[in-house]
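Residue numbers (my numbering): 56 to 204.
Where a beta carbon is used, it is the ideal one built from N, C-alpha and C, also for glycine.
Remember, predicted model here, so these are calculated numbers, not experimental data.
Each remark here refers to the structure printed beneath this line.
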């Protein structure tokens, strides 16, 4: 029978794995959508000025989402490194008061990881919506609605 500690360790691992999976998924989707919109802009597919503006806003947002994802990955690496150092110090029964990472710093890194994930997700969703709007404006026959024909 699993103890509560074993269950906690197992669920913490699952949470870390899911966190990493979501971050990587968002990075992949943002990079793919950025490539799609960049290629469309280079081919000058956006002849409508409104579509072009929304595509540029989307490119900027997708770039921010990618930067947010990379920052999240870096913060998580620091968090993992600090946790390993803390565990080694506790295993060797060293005085952890002068260690590089304190419990408070590790907690702060964890909080920042989650904040960056939410920023990455929010900015990606807004940028994807702007990109979809740009494509919809360009593809939809809006010009027929403007002139009344």
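Residue j beta carbon less than 8 Å from that of residue i
| i | j | result |
| --- | --- | --- |
| residue 62 | residue 127 | no |
| residue 179 | residue 120 | yes |
| residue 173 | residue 130 | no |
| residue 137 | residue 81 | no |
| residue 193 | residue 100 | yes |
Residue i versus the options, residue with shortest Cα-Cα distance
| i | options | result |
| --- | --- | --- |
| residue 191 | 80, 165, 64 and 102 | 102 |
| residue 158 | 148, 142 and 169 | 142 |
| residue 169 | 104, 71 and 60 | 71 |
| residue 122 | 79, 133, 147 and 98 | 79 |
| residue 195 | 105, 135, 93 and 97 | 105 |
| residue 181 | 59, 132 and 88 | 88 |
| residue 135 | 67, 177 and 59 | 67 |
| residue 177 | 59, 60, 64 and 77 | 77 |
Cβ neighbour criterion (16 or more within 10 Å) applied to residue i
| i | result |
| --- | --- |
| residue 90 | exposed |
| residue 85 | buried |
| residue 171 | buried |
| residue 132 | exposed |
| residue 97 | exposed |
With three or more C-beta pairs closer than 8 Å as the rule, is the segment 184-193 touching the segment 113-130? Counting Cβ pairs under 8 Å, three or more are found: they touch.
Contact the segment 155-170 vs the segment 104-113: 3+ CB pairs below 8 Å: Taking a cut-off of 8 Å for Cβ pairs, the segment 155-170 and the segment 104-113 do not touch, as fewer than three such pairs fall below it.
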